[in-house]
Amino acid sequence: MSIAIKKTAGERAFQIFSYIIMGILALTVLLPLLYILQLTFSTSPDPSFRILPQGFTLDHYRYVIENDLIARPFLNSLFVTSCYVVVSMVLTVCFAYPLSRTELVGRKFLNFLVVIPMLFSLGFLPKYLLVKDLGMLDSFSSLIFPGAISTFNLIVLRNFLQTIPDSLIESARLDGCSELRTLWSIVLPLSTAALATVGLFYMVGSWNSYLDVMLYINDPNKHTLQVVLRTLVMENTMDSTAVDTQLVKNVQYTTIIVALIPVMIVYPFLQKYFVKGIMIGSVKG
Amino acid sequence: MITATNKTSGLRGIGRKIYKQRQLFLILAIPLIFYLVFEYLPMFKVRWAFTNYGDVPLSQVEYIGLDNFERLMKSSSFWNAFRNTIIISLQKLIIGFPIPIIIALFLNEITHNAYKKTVQTIIYFPHFLSWVVIGSIWFLILAPQNSINAQISGFLGIDPVYWFAGKEYIRGLLVMTDVWASAGYSAIVYLAAITSIDPALYEAATIDGASKMQQIWHITLSSIRSTVIIMLIFQLGKILNIFDQVLVMASPVVYETADVIQTYAYRTGISDMQIGYSMAVSLFKAVISFGLVLLTNKIAHLIDEEGVF
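If you're matching them up, the sequences are chains B and X in order. 50 is the number that our numbering gives to position 50 of the first sequence; each next residue is one higher, with no gaps. 10 is the number that our numbering gives to position 10 of the second sequence; each next residue is one higher, with no gaps.
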């Protein structure tokens with residue numbers, strides 16, 4: 001960039017082409033989302049392609065919020081995700097910090113212990129049987145504890161903590177700080193970006209999870225939004241004579257948007273941190 | 001100096017070191033126990049793969065050797081799922097792997113910052129959506145009635161196709177939605193690698209009269225090769241593990257072409273409660289998957305070494 005070099009006609013054309021093709025790409029992602037979004041505000045039942053609503057109403061949202069079939073799973077999801085993020089963060093930080101200290105006895109072995117389950121993945125069945133043995137089926141605890149430590153997030157955080165200079169931690173120790181105190185008042189304030197990344201990954205992961213609920217929860221009162229949404233949209237038999245088709249459609253569209261609102265809220269923060277997170281994560285420790 | 005004295009006192013030295021680090025170990029204890037319980041304890045359940053658990057109640061369970069694996073080898077449903085898994089994964093790999101690289105190349109050409117940022121913000125958003133949300137959106141758009149699909153079919157004067165219920169279409173849908181959801185996200189990983197290339201390389205190449213295509217091939221692509229290889233290893237490691245997306249998007253009508261190993265294990269293990277047999281399926285998958293990871297890792301090592309020298 002330091003030397004201005006005149007672009008050839010070919011380069012110019014390539015650049016213009018890039019602008020166009022990236023614009024088209026952005027639209028292929030954006031348009032389906034906008035289409036569903038406008039339907040949730042539309043007063044007209046016309047499903048033809050539009051990105052702005054025909055008329056404007058909040059009735060669909062009101063109906064969904066007042067409907068216990070969706071409001072309850074929404075609150076369940078919110079509760080599970082909140083608990084999960086707290087539990088996961090505490091466990092992951094307490095795991096990652098000792099692993100990041102080079103002087104830790106048995107560090108190599110412990111790191112090996114961490115990676116093995118990721119490489120040799122047995123799938124859902126063994127864990128399901130364990131959760132069943134522990135008597136956790138049909139309780140929210142099954143959605144919080146068994147998956148609380150994600151190997152990937154653990155490695156991301158560990159690799160970040162490794163970049164904190166030893167001298168800093170050493171000097172805190174010389175000042176008489178306990179390990180916990182060092183972690184809390186020296187290490188964590190320096191790691192806000194990594195903590196935010198991992199926290200947001202955990203949050204989105206828990207909010208979006210489907211399989212765990214399918215495996216561990218039978219009680220319909222404890223179902224989460226994702227499971228209910230899937231049943232609502234993809235297993236609805238759509239007997240147009242028996243039910244009000246339009247009402248069902250509106251509820252489907254609106255529930256999709258409700259299910260992605262939390263992700264949309266945290267997306268600006270995610271975006272700010274996660275590129276960094278990927279880069280930290282891809283560095284092998 | 002400290003390490004020298006520790007070496008001479010051997011075990012006691014290690015004991016003393018651990019004592020000195022007792023606070024670190026205390027912090028580590030709870031998460032470690034957690035990890036061992038939920039990641040390692042399940043591994044002992046693998047023994048059910050060699051029993052008839054599920055065909056008989058727990059009190060009568062016996063070890064039956066490799067019978068479950070024999071049954072699996074003879075099962076046409078299992079091989080169907082195995083074949084589907086490989087086909088879908090390869091389709092995703094062939095179509096889905098190059099696309100993010102191409103996106104990153106185009107994105108790198110865009111010099112208008114606001115435009116670039118907007119495009120990026122939009123294209124990696126779907127990565128954070130659940131398969132249920134993604135599946136639902138496309139399910140409704142492609143529904144045969146009251147949908148854009150119906151609108152377009154009407155316009156073309158043809159009968160609308162019920163894409164999600166067509167066993168000849170479901171694989172394409174799985175691949176398409178996967179690319180839609182994840183291409184943008186993978187693209188930024190490549191873009192991050194591309195931005196770290198020294199611009200002097202391009203300047204020198206331009207002065208030497210290299211064309212744009214030559215620059216892309218010899219500078220851009222060759223500089224991000226190690227990133228490409230790491231991403232490829234990740235993809236290959238996941239080949240047999242496709243699950244959530246299929247569980248969400250494929251209904252029993254399309255099992256013939258969309259049933260994969262994991263959904264097969266789910267059906268036999270959770271729905272039919274044939275624990276022994278389903279565990280054999282899971283173990284079979286885990287072993288092959290592990291071999292695949294080791295193999296690709298080895299190959300990557302060979303390629304990388306060649307690249308270094």
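Every residue, glycine too, gets a C-beta built ideally from N, C-alpha and C.
| query | With a CB to CB cut of under 7 Å and the five nearest residues on each side skipped, what residues in its chain are close to Q235/X? | reply | For Q235/X, where only same-chain residues beyond five positions count, the Cβ hits under 7 Å are L93 and F97.
| message | Cβ closer than 9 Å: which chain X residues qualify as neighbours of T259/B? | response | The question names Thr, but residue 259/B in the sequence shown is Ala. The contacting residues are L129, S130, V132, V133 and S136.
| query | Which ranges does the beta strand (DSSP E) cover as unbroken runs of at least 3 residues, wholly within the region 13–81 of chain X, from first to last along the chain? | reply | Listed in chain order, nothing qualifies, since the region 13–81 of chain X has no complete beta strand (DSSP E) run of 3 or more residues.
| request: Out of S42/B, A96/B and F74/B, state which residue places its alpha-carbon closest to the alpha-carbon of L183/B. | output: Measuring C-alpha to C-alpha distances from L183/B to each of S42/B, A96/B and F74/B identifies A96/B as the nearest.
| query | If Q120/X and I188/X are in contact, beta carbons under 8 Å, what's the gap, nearest whole angstrom? | reply | Confirmed, Cβ separation roughly 6 Å.
| Option in T220/X, Y40/X, R47/X and F128/X with minimal Cα separation from S196/X | Out of T220/X, Y40/X, R47/X and F128/X, T220/X has the C-alpha closest to the C-alpha of S196/X.
| message | Tell me which residue opens and which closes the alpha helix (DSSP H) that W138/X is part of. | response | Its alpha helix (DSSP H) spans residues W131 to I141.
| Could you give the distance in angstroms between the alpha-carbon of V287/X and the alpha-carbon of S206/B? | Between V287/X and S206/B, the alpha-carbon positions lie close to 28 Å from each other.
| message | Distance cutoff 8 Å, beta carbons only. Does A280/X sit that close to anything in chain B? | response | Contacts with chain B at 8 Å (Cβ-Cβ) do not include A280/X.
| query | What's the C-alpha gap between L104/B and F38/X? | reply | C-alpha separation (whole angstroms): 23 Å.
| task | Specify the secondary structure class of K132/B as computed by DSSP and reduced to three states. | result | It is helical.
| said: Quick check: I242/X and V260/X, are their CB atoms within less than 8 Å of each other? | reply: Result yes, Cβ atoms of I242/X and V260/X sit closer than 8 Å.
| said: Once DSSP output is grouped into helix, strand and coil, what is the label at M1/B? | reply: At M1/B, the pLDDT of 45 sits below 50, so the modelled position is not reliable; the number obtained from the coordinates is stated separately. In the displayed model, M1/B falls within coil according to three-state DSSP, outside both helix and strand.
| Just checking, does the region 16–33 of chain X make contact with the region 104–116 of chain B on the three C-beta pairs under 8 Å criterion? | With a cut-off of 8 Å, the region 104–116 of chain B and the region 16–33 of chain X count as touching, because enough Cβ pairs lie within range.
| Beta-carbon neighbours of S289/X, restricted to chain B and to distances below 7 Å | Contacts between S289/X and chain B, judged by CB atoms closer than 7 Å, involve S121 in chain order.
| query | If you count every other CB in all the chains shown that lies within 10 Å of the CB of G23/B, and 16 or more means buried, which is it? | reply | Per the 10 Å Cβ criterion, exposed.
| T163/B in three-state terms, based on DSSP | Looking at T163/B - three-state DSSP - the assignment turns out to be coil, as it is neither helix nor strand.
| request: Could you tell me whether any Cβ in chain X is nearer than 8 Å to the Cβ of Q15/B? | output: Yes, contact with chain X.
| If you run the structure through DSSP and keep just helix, strand and coil, what is V287/X? | It is helical.
| Along chain B, in chain order, which residues have C-beta atoms closer than 9 Å to that of K314/X? | Chain X is shown only over 1 to 309; residue 314/X falls outside these bounds and no answer can be derived.
| Using the rule of at least 16 other Cβ atoms within 10 Å of the residue's Cβ for burial, across every protein chain shown, is L31/X buried or exposed? | The sequence given here has Pro at residue 31/X, not Leu. With 16 or more other Cβ atoms from the protein chains shown falling within 10 Å of its own Cβ, P31/X counts as buried.
| said: Need the endpoints of the alpha helix (DSSP H) that N218/B sits in, please. | reply: No alpha helix (DSSP H) holds N218/B; DSSP gives it neither H nor E.
| Cβ of M22/B within 8 Å of any chain X Cβ | So yes, M22/B belongs to the interface.
| query | Can a CB atom of chain X be found closer than 8 Å to the CB of S234/B? | reply | Inspection of the sequence shows that residue 234/B is occupied by Met rather than by Ser. Closer than 8 Å: yes.
| request: Could you tell me whether the region 268–288 of chain X touches the region 47–55 of chain X, using the rule of 3 or more Cβ pairs below 8 Å? | output: A contact exists between the region 268–288 of chain X and the region 47–55 of chain X.
| task | Give the interface partners of D244/X over in chain B, defined as CB-CB distance under 8 Å, in chain order. | result | Y210 and L211, listed in chain order.
| field | C-alpha distance - S226/X paired with T163/B, whole-angstrom precision | value | The alpha-carbon atoms of S226/X and T163/B are separated by roughly 22 Å.
| task | Anything in the region 165–189 of chain X with a Cβ closer than 8 Å to a Cβ of chain B? List those residues in chain order, please. | result | Residues of the region 165–189 of chain X that bring their beta carbon within less than 8 Å of a beta carbon in chain B comprise W180, G184, I188 and V189, in sequence order.
| L225/B: which of E235/B, D219/B and Y210/B sits nearest, CA to CA? | Looking at the Cα atoms, Y210/B is the closest of the given residues.
| query | Between the region 138–157 of chain B and chain X, which residues of the former have a C-beta closer than 9 Å to a C-beta of the latter? | reply | Residues passing the 9 Å Cβ filter: F145, P146, G147, A148, I149, T151 and L154.
| field | Coarse secondary structure for N67/B, derived from DSSP in three states | value | Residue state, collapsed to three classes: coil.
| Residue of I229/X, S289/X, K212/X and L173/X minimising C-alpha distance to A193/X | The shortest C-alpha to C-alpha distance from A193/X to any of I229/X, S289/X, K212/X and L173/X is the one to I229/X.
| C-beta atoms of V228/B and V198/B nearer than 8 Å | Contact annotation: V228/B and V198/B have beta-carbon atoms that are not nearer than 8 Å.
| field | Interface residues of chain X facing A26/B [CB-CB closer than 8 Å] | value | Near A26/B (Cβ distances below 8 Å), the residues of chain X are T118, V119, I122 and I123.
| Which residue comes first and which comes last in the alpha helix (DSSP H) that contains L232/X? | Per DSSP, L232/X is one residue of the alpha helix (DSSP H) stretching across R225 to G237.
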